[in-house]
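Here's the structure we're looking at; comments come further down.
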Amino acid sequence: MGNSKYLGRLTSAWLAGLAIAFSATQSFAQEAPDQAPTLTGGDLVGYRSIHHPTIGRGGMVVAQSKHAAAIGAEVLRAGGNAMDAAIAVGFAETMTLPRAGNIGGGGYMLYHRASDNHTFAIEYYGEAPQAITPDLLVGENGKLSYELSMTAKGVAIPGTVAGFYDAHRRFGHLPWTRLVQPAIDLATRGIVISDDEALALAERQSQMAKDPGAGALYFKTDGSTYKPGERFTNPDLAWTLKQIQKNGAAGFYNGP
Numbered sequence: 001m002g003n004s005k006y007l008g009r010l011t012s013a014w015l016a017g018l019a020i021a022f023s024a025t026q027s028f029a030q031e032a033p034d035q036a037p038t039l040t041g042g043d044l045v046g047y048r049s050i051h052h053p054t055i056g057r058g059g060m061v062v063a064q065s066k067h068a069a070a071i072g073a074e075v076l077r078a079g080g081n082a083m084d085a086a087i088a089v090g091f092a093e094t095m096t097l098p099r100a101g102n103i104g105g106g107g108y109m110l111y112h113r114a115s116d117n118h119t120f121a122i123e124y125y126g127e128a129p130q131a132i133t134p135d136l137l138v139g140e141n142g143k144l145s146y147e148l149s150m151t152a153k154g155v156a157i158p159g160t161v162a163g164f165y166d167a168h169r170r171f172g173h174l175p176w177t178r179l180v181q182p183a184i185d186l187a188t189r190g191i192v193i194s195d196d197e198a199l200a201l202a203e204r205q206s207q208m209a210k211d212p213g214a215g216a217l218y219f220k221t222d223g224s225t226y227k228p229g230e231r232f233t234n235p236d237l238a239w240t241l242k243q244i245q246k247n248g249a250a251g252f253y254n255g256p
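Numbering follows the numbering used here, with no gaps: position 6 of the sequence shown is 6.
This is the structure:
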């Protein structure tokens with residue numbers, strides 16, 4: 001695990017459900033009120049459109065979770081670069097978007113370094129264990145079984161932590177521990193469940209409740225779902241993130 005592949009000179013930036021647009025030569029900063037902008041939004045601003053884009057010249061963080069996006073912006077303000085912000089957002093979404101942004105999954109990212117105009121790709125999708133055989137998830141009818149795929153047998157070795165750790169080693173600026181801490185804080189203090197996340201958890205309740213650990217973690221003690229506006233904490237996730245914070249990728253793939 002931890003084997004990453006690199007490609008050069010690509011043209012966009014993406015990280016497992018979040019996009020980071022940021023000049024690698026400057027940290028996040030707003031324009032001074034009395035400073036006239038040197039550039040306009042150009043074709044980005046379409047006054048006849050129902051959509052109204054936001055323009056950020058010092059840096060911008062875009063994520064599905066408002067909590068995670070705020071964490072990424074704060075990393076930029078603290079002097080971090082785009083990679084630092086992306087990693088901090090990715091870890092934060094483990095708490096705020098568990099169905100998609102999580103350390104139990106995988107993905108890829110493209111990173112553009114403006115100083116020398118090079119773009120790098122890092123692929124960290126999950127990999128199957130070496131002992132897997134082609135018929136592992138095949139049902140009695142000889143076809144892929146949805147029921148089997150929704151068990152532990154259908155889970156790949158997660159690549160996210162290995163990908164983040166390698167990306168930080170190559171391109172990060174702020175300390176690794178600094179980037180993991182906000183996610184630990186979220187898991188410890190908890191977050192107020194949004195309508196979206198309440199619905200997502202409720203839709204998966206019957207499936208998740210089959211696993212005692214998942215049922216105890218993501219639902220109340222009586223088995224009911226969290227409602228919008230209620231606070232959800234995840235102490236187990238906080239513990240896991242502390243292992244990653246202290247020991248890097250090895251804290252996830254090795255040890256207890």
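Just so you know, even glycine gets a beta-carbon here, dropped at the ideal spot from N, CA and C.
Quantities reported herein were computed from a predicted structural model and do not represent experimental measurements.
How would you label residue i, buried or exposed, when you count the other beta carbons within 10 angstroms and need 16 or more for buried?
| i | result |
| --- | --- |
| Val-89 | buried |
| Gln-245 | buried |
| His-168 | buried |
| Leu-144 | exposed |
| Ser-65 | buried |
| Thr-96 | buried |
| Leu-237 | buried |
| Ile-71 | buried |
| Asp-34 | The pLDDT assigned to Asp-34 is 47, lower than 50, so where the model puts this residue is not dependable; a value taken from the coordinates is nonetheless given after this. Flag for Asp-34 reads exposed. |
| Leu-15 | Here Leu-15 scores only 37 on pLDDT, less than 50, and its place in the model should not be relied on; the value that follows carries that caveat. Buried, since its Cβ has 16 or more Cβ neighbours within 10 Å. |
| Glu-140 | exposed |
| Ala-216 | exposed |
| His-112 | buried |
| Asp-211 | exposed |
Could you tell me whether any Cβ in chain C is nearer than 8 Å to the Cβ of residue i?
| i | result |
| --- | --- |
| Thr-151 | Within the model displayed, chain C is absent; a lone protein chain is all it includes. |
Taking the continuous beta strand (DSSP E) assigned at residue i, which residues delimit it?
| i | result |
| --- | --- |
| Ala-333 | There is simply no residue 333 to check, as the chain begins at 1 and stops at 256 in what is shown. |
| Arg-170 | Not the beta strand (DSSP E): Arg-170 falls in the alpha helix (DSSP H), residues 160-171. |
| His-112 | 108-113 |
| Val-61 | 60-62 |
Using only CA atoms, which one of the options lies nearest to residue i?
| i | options | result |
| --- | --- | --- |
| Thr-188 | Gly-126, Thr-240, Arg-113 | Thr-240 |
| Thr-250 | Ala-162, Ser-194, Gly-190, Val-192 | In the sequence on display, residue 250 carries Ala and not Thr. Ala-250 has its Cα closest to that of Ala-162, out of Ala-162, Ser-194, Gly-190, Val-192. |
| Ala-69 | Ser-49, Pro-212, Thr-94, Ile-50 | Thr-94 |
| Gly-56 | Ala-73, Gly-101, Gly-215 | Ala-73 |
| Ile-132 | Val-155, Tyr-146, Ala-114 | Val-155 |
| Asp-185 | Asn-234, Ala-82, Thr-225, Gly-229 | Asn-234 |
| Gly-101 | Leu-148, Thr-119, Phe-164 | Phe-164 |
| Gly-59 | Gly-80, Ser-49, Ile-50 | Gly-80 |
| Glu-203 | Arg-48, Ala-82, Arg-99 | Arg-99 |
| Glu-123 | Pro-134, Pro-256, Gly-105, Leu-136 | Gly-105 |
| Asp-195 | Ala-152, Lys-220, Pro-256, Tyr-226 | Tyr-226 |
Hey, residue i and residue j are a contact pair by Cβ (cut 8 Å); roughly how many whole angstroms apart?
| i | j | result |
| --- | --- | --- |
| Thr-177 | Ile-103 | Between Ile-103 and Thr-177 the Cβ distance is about 16 Å, and since that is not below 8 Å, they are no contact. |
| Leu-76 | Val-62 | With 8 Å as the limit, Leu-76 and Val-62 do not qualify as a contact, their Cβ atoms being about 12 Å apart. |
| Leu-110 | Ala-128 | About 25 Å separates the two Cβ atoms, so there is no contact after all. |
| Ala-92 | Ala-214 | With a Cβ gap of about 20 Å, Ala-92 and Ala-214 do not count as contacting. |
| Gly-172 | Asp-84 | 5 Å |
| Ala-78 | Leu-174 | 7 Å |
| Leu-201 | Tyr-218 | 6 Å |
Hey, could you find the ends of the alpha helix (DSSP H) residue i is sitting in?
| i | result |
| --- | --- |
| Tyr-218 | 212-218 |
| Met-95 | 82-96 |
| Met-150 | Neither: Met-150 is in no alpha helix (DSSP H) and is coded neither H nor E. |
| Val-180 | 176-189 |
| Val-75 | 66-77 |
| Lys-246 | 235-247 |
| Ala-200 | 195-203 |
| Gly-251 | 250-253 |
Can you check whether the CB of residue j is closer than 8 Å to the CB of residue i?
| i | j | result |
| --- | --- | --- |
| Met-150 | Gln-243 | no |
| Ile-157 | Gly-107 | no |
| Gly-142 | Ile-193 | no |
| His-67 | Ile-191 | yes |
| Leu-136 | Lys-153 | yes |
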